[in-house]
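Notes follow once the structure below has been shown.
Numbering (the UniProt record's numbering), first residue to last: 1 to 568.
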């Protein structure tokens, strides 16, 4: 018999090996009497047919043999209660992956403890924590698995391409803005701003993309089924992002100061007013840009969901890059304004920071009262903060090469933005598929964590088709964007074949590396019962910022050494 206890404890498989009989004779007699209905071997049931029904307060399995029906029910038990969402997910697991018509073609997992084996399929059941993304899953009887969409390649390409190229314009704008403001007085005086920029843009992108990924998963699971529930999701996620933005922005400003101090060594001249300027500027930028852009993301998700399009393809690319130009412009304007007032009105910086810290408890209260975000508040900090430090090293590289490599700041946001853009699409799609097809902690039979790069990116993985599309899109997108950025900067094209080939090689290699890492890290998180919607994207985009800046610096260094420097 398989029963599912109350959700406060982990569901556990109970089979006949768990039944403690008084003596061996009784056990042998009972097994012999039931030999026509089932066999016990290696802690597994071999059953002719399995039916599942809803009793009064419990779910149980009905075991039927070919000749006669023997029923085993659990009725009136006060110790065992049903967990409908787990039962539905187990039942949904019987579906074949990737739209296969014949279940016999589905690969079977190995036999082991806690498995049910029937003539047509094998379902492995293991204990899981109560980590369903929808706390009210039971309120949506058609919720699990009924919203799985099997897209054609041209549908995926079209849905990803439109926001991808819109976001690409944003990355070009960010590069042009950075090229313009790098000569401003505040950037020349407070050099830590160059370290702050990649980390802050990465922070904003991570928070927006995590919000988009969470809401996309809810939409694809069919859980956006009422105005009241949708409003709860929106309010909870907006409040959560504000908390993360305030805390993380302060930490990233401190990180920028510390990294710059370590890099400068004994020549470093510490100025506490610069620390206040960095903190006030970063907090103001992160909270304001996230607050505005999150509503744009929510609108995109809702419209795409109503129009029967996959929001994973639309929302995450926009969240990845469109906000970069906005955030960089806001940061530059705020930092420049506060820098001018800093000499005579230092109290303004204290007031700004004080107001944000005073409103912080209110946001915390809202999140703790919201069932959709209260768990993320305690578990979502490690990825966000780790990503800040990873992106910070990319900022350190930018600070070192910005004056040595002519034109570097024009292309750095492009390579970083496109890499994070494309990998966020893949990460969101993989996460949604896992939520739709299996229980957290169990990988579906069609997916493996450790695969070769060829399998993950080109052929052999359920997600390889999307990876191929994204790689092709990276090639054409990078070419278009670097020519546009160069033309918008100089009024004519100054690119030569050496630069184009060098840039394209490092950019495509970066995208392929990120997609492969995404496959491994998301499956690893799922296997260890970590929700990738909250954890995967920050690591991936931060790695994209670091590798993009590093690889681009290598390309510029190579061009200088072969006397083919950009712009000369």
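Using N, Cα and C, we set each Cβ at its ideal position, and we do this for glycine too.
Being a predicted model, the structure only gives us computed values, none of them experimental.
Three or more beta-carbon pairs separated by less than 8 angstroms link the stretch 239-249 to the stretch 207-220, which places the two stretches in contact. Annotation: the continuous alpha helix (DSSP H) that includes residue 199 extends over 192-220. With contacts defined as CB atoms closer than 8 angstroms, residue 469 and residue 160 qualify as a contacting pair. Sixteen is the threshold: when 16 or more other Cβ atoms of the shown chains lie within 10 Å of the Cβ of residue 324, as they do, the residue is buried. Within the model, the alpha-carbon separation for residue 304 versus residue 446 is close to 28 angstroms. The beta-carbon separation of residue 543 and residue 390, rounded to 6 angstroms, stays under the 8 angstroms limit for a contact. Runs of alpha helix (DSSP H) with 4 or more residues, each lying fully within the stretch 309-391, are found at 311-342, 347-368, 374-379, listed in chain order.
In this structure, residue 538 lies away from residue 376, with their beta-carbon atoms at least 8 angstroms apart. If the five residues before and after residue 156 are omitted, its C-beta is found closer than 7 angstroms to the C-beta atoms of 313, 466, 469, all from its own chain and listed in chain order.
Annotation for residue 230: 224 place their beta carbon closer than 6 angstroms to its own, counting only its chain and skipping 5 residues before and after.
In the DSSP assignment, residue 408 falls within the alpha helix (DSSP H) that extends over 408-437. Between residue 519 and residue 456, the C-beta gap is smaller than 8 angstroms, which places the two residues in contact. Nearest Cα to residue 372 within the set 218, 198, 381: 218. When rounded, the separation of the alpha-carbon atoms in residue 359 and residue 295 is 20 angstroms.
In terms of Cβ geometry, residue 401 and residue 408 form a close pair [threshold 8 angstroms]. DSSP, reduced to helix, strand and coil, places residue 564 outside both helices and strands of the structure shown, so it counts as coil.
Taking C-beta separations shorter than 7 angstroms and ignoring five residues to either side along the sequence, the partners of residue 526 in its chain run 434, 440, 443, 532, following chain order.
Taking a contact to require three or more Cβ pairs closer than 8 angstroms, the stretch 509-517 and the stretch 190-206 do not qualify as touching. Closest option to residue 378, judged by alpha-carbon separation, among 386, 367, 387, 256: 367. Pairwise C-beta distances place the stretch 331-339 in contact with the stretch 174-192, as three or more of them are shorter than 8 angstroms. According to the DSSP assignment, residue 250 belongs to the alpha helix (DSSP H) that extends over 227-264. Counted as a single uninterrupted DSSP element, the alpha helix (DSSP H) harbouring residue 163 occupies residues 153-181. Restricting attention to 169, 245, 353, 158, the CA atom closest to the CA of residue 479 is found in 169. Here DSSP, grouped into helix, strand and coil, assigns residue 307 to coil. In the three-state scheme derived from DSSP, where H, G and I count as helix and E and B as strand, residue 460 is classed as coil. Separation of residue 541 and residue 472 (C-alpha to C-alpha, rounded to the nearest whole angstrom) is 19 angstroms. Taking 8 angstroms as the cut-off, the Cβ atoms of residue 436 and residue 220 count as close. The alpha-carbon of residue 461 is positioned some 51 angstroms away from that of residue 189. Distance from the CA of residue 348 to the CA of residue 328, rounded to the nearest whole angstrom, comes to 21 angstroms. Taking a C-beta distance under 8 angstroms as the contact criterion, residue 416 and residue 545 qualify as a contact pair. Rounded to the nearest angstrom, the gap between the Cα atoms of residue 432 and residue 216 is 8 angstroms.
In this model, residue 261 and residue 192 are separated by some 9 angstroms (Cα to Cα). Taking all protein chains in view, the Cβ of residue 197 is crowded by 16 or more other Cβ atoms within 10 Å, so the residue is classified as buried.
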